[in-house]
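Chemist: One structure is given below, represented as structure tokens, and several questions about it will come after.
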Amino acid sequence: MEGFIEKLQAVLIPISDKISSNRILKGISGGFSAMLPVVMVGAIFTLLASLNIAPYQSFITATGLKQFFAIPADYTTNMISLYAVFLIARAEAQVLGMDDRESIASGVIALMAFLIMIPLGVTGTDAESGVSVTVASAVNMTFLGSAGLFTAMIVGILFPNLHNIFIKKNIGIRMPDSVPPAISKSFSALVPALALAALAIVFRMLAGMTSYGSVTMLIYGLLKAPLTALAASPFTFIILLIVCNVLWFFGIHGGMVATSIMAALYTELTLENLAAYGAGQALPNIIIQPAWFAMGNIGGSGCAIGLCLCLALFSRSERYKALKNIAVPSGICGISEPMVFGVPLVLNPMMLIPMIVAPIVTFLLGYAAMAIGLVPYMVGVNVSTGTPILLSAFAAWADWRGILLQAILIAVSTAIYYPFFRAVDSQALKEESAAE
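Residue numbering for the sequence shown follows my numbering, beginning at -14 and increasing consecutively.
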């Protein structure tokens, strides 16, 4: 068994290191992490405006609160691509080694390029006359919301790399040493900004010659179908769960690897559900980001909530009785490290099976419950590390059936971990008895 583990380590660790150090994934992941407050503000106010409880809806409608709760979504969720392109570009610039001022300039340049590539003009129907009207100077909000997210990611990665070429080659306006550094650096960004603005104009012109009409719709049209199909498959989610938890088995932070890929695949689908929920429409996507902590890794990596409850309820050895005082409170809040390194789960062959099996089983049960209509789709409120169990279910589903489903999944996870925990607990008990 030890030989097999060593061979597996030799294969997986280099792959994990390459993924973790990939500049593109680090830029996207860093940008989305910085964007979390904006996403959460939009999600919370959408939840407040749309929570489907009749007396509550009557109250916020009668008091006029509903219209105010709906306002933040217009400036967060519905403009998410603006935040994304700047923050991803800045994160990518920092990965490339730019200082704070240069990385901010890179973010601004990427935002400028993104806006340049969006065509002006919005066509709608006049409410009074019913006549179709075009406002030539307006920006279509569709391009600023989740539909523009793929473009935001590409622009946010591409333009800082192009900006970095100018910096490395010292292409720019150089001011005398007597000029303050802040002013000098501002002028040094002028030449790359002009060149990259021209490039954005070229991209816009070329895209305008296609049937898509714009860069955003071109990228959206070409990438949307394959990436959505990939993300919509439960097998993709299962592979991410397996990769995450196998890496944790070797002591590598699998969540950092998996969640950077998840951000690219599932962010747009999550925001689509959130926008549909806020608009009172049918939710389009069954698998979105909140499923990671709400159905798969409940209580942390390996669906550790099951092990957490085993520690709380069935510990007999002094070792695990002591561990539960630390592990149980953190596990309830979705932090599994005390169990990962305390039981341990790392390099413990006895625990490898439940670490992999429990998240897959709980995810598939949750997926099936939503697919057959027992539980509604998740509304798009992202569930982050540290959110207590059941509260994470309420945030994910905004429905009592989601809370009940998660409670059942927790029981299933506990049942899966139980025989394996009894084995390691019995072994610890024997070792303690022998030591006496």
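Here a beta-carbon is modelled for each residue, glycine too, at the ideal position from N, C-alpha and C.
Have a look at the DSSP bridge pairing and note the partners of T48.
Modeler: According to DSSP, which records beta bridges pairwise, T48 is partnered with nothing at all.
Chemist: For a minimum of 4 consecutive residues, which ranges assigned as the alpha helix (DSSP H) are wholly contained in the region 74 to 126?
Modeler: Correct list: 85 to 101.
Chemist: Just to confirm, is the Cβ distance from F151 to P177 under 8 angstroms?
Modeler: Yes, they are a contact pair.
Chemist: State yes or no: is the C-beta of A95 within less than 8 angstroms of the C-beta of F128?
Modeler: In this structure, F128 does not lie closer than 8 angstroms to A95 by Cβ.
Chemist: Residue range of the alpha helix (DSSP H) that I158 falls in?
Modeler: Segment: none, I158 is in no alpha helix (DSSP H) and carries neither H nor E.
Chemist: So, F405 versus M335, is the Cβ gap smaller than 8 angstroms?
Modeler: A contact, by the Cβ cut-off of 8 angstroms.
Chemist: Go to D59, then tell me how far its alpha helix (DSSP H) extends in each direction, as first and last residue.
Modeler: D59 -> alpha helix (DSSP H) spans 56 to 60.
Chemist: For I402, count neighbouring C-beta atoms within 10 Å of its own C-beta (all shown protein chains included) and say buried if the count is 16 or more, exposed if not.
Modeler: The question names Ile, yet the displayed sequence has Tyr at residue 402. That one is buried.
Chemist: If you draw a straight line from the alpha carbon of N310 to that of T372, how long is it in whole angstroms?
Modeler: Straight-line Cα distance between these residues: approximately 19 angstroms.
Chemist: Excluding the five sequence neighbours on either side, which residues of its own chain have a C-beta within less than 7 angstroms of the C-beta of C295, listed in chain order?
Modeler: Within the same chain, C295 has close Cβ partners T399, Y402, Y403, F406.
Chemist: Are the CB atoms of S43 and G265 nearer to each other than 8 angstroms?
Modeler: No, these two residues do not count as a Cβ contact at 8 angstroms.
Chemist: Checking 8 angstroms against the spacing of the C-beta atoms, do L268 and Y262 come in under that value?
Modeler: Yes, the Cβ-Cβ distance between L268 and Y262 is below 8 angstroms.
Chemist: State the DSSP-derived secondary structure class of M336, mapped to helix, strand or coil.
Modeler: Note: M336 maps to helix in three-state DSSP.
Chemist: Considering Cα atoms alone, identify which of A123, V313, G82 is closest to F299.
Modeler: Among A123, V313, G82, the Cα nearest to that of F299 belongs to V313.
Chemist: Whose CA, out of G240, T252, M194, V242, lies closest to the CA of M138?
Modeler: Cα-wise, what sits closest to M138 is T252.
Chemist: Does DSSP put V176 in a helix, in a strand, or in coil?
Modeler: If DSSP states are grouped into helix, strand and coil, V176 belongs with the helices.
Chemist: Is the beta carbon of L391 sitting closer than 8 angstroms to the one on L414?
Modeler: Just to set this straight, residue 391 is Gln in the shown sequence, not Leu. No. Outside cutoff.
Chemist: What is the DSSP secondary structure of N149, reduced to helix, strand or coil?
Modeler: Helix.
Chemist: Which of the three DSSP states is assigned to V366 in this structure?
Modeler: In the structure shown, V366 sits in coil (DSSP, three-state: anything other than H, G, I, E or B).
Chemist: Please report how far the alpha carbon of A408 lies from the alpha carbon of V331, in whole angstroms.
Modeler: Roughly 16 angstroms between the two C-alpha positions.
Chemist: Start and end of the alpha helix (DSSP H) containing N230?
Modeler: Looking at the DSSP string, the run of the alpha helix (DSSP H) that includes N230 is 219 to 234.
Chemist: Tell me whether S302 sits in a helix, a strand or coil according to DSSP, three-state version.
Modeler: Of the three classes helix, strand and coil, the one that applies to S302 here is coil, per DSSP.
Chemist: Quick one: using the 10 Å Cβ neighbour count with 16 as the cut-off for buried, is W385 buried or exposed?
Modeler: Burial call: exposed.
Chemist: Taking the alpha carbon of A353 as the point to measure from, which residue in G291, G285, G281 has its own alpha carbon closest?
Modeler: Residue G281 is the option with its Cα nearest to A353.
Chemist: Excluding sequence positions up to five away, which residues of its chain have a Cβ less than 7 angstroms from the Cβ of V346?
Modeler: Counting only Cβ-Cβ distances below 7 angstroms, and skipping sequence neighbours, we find V397, I401.
Chemist: Does DSSP put Q412 in a helix, in a strand, or in coil?
Modeler: Helix.
Chemist: Are the CB atoms of T62 and A260 within a distance shorter than 8 angstroms?
Modeler: Result yes, Cβ atoms of A260 and T62 sit closer than 8 angstroms.
Chemist: Could you check whether the region 100 to 108 touches the region 184 to 191, counting it as contact only if at least three pairs of C-beta atoms, one from each stretch, sit closer than 8 angstroms?
Modeler: Verdict: yes, contact present.
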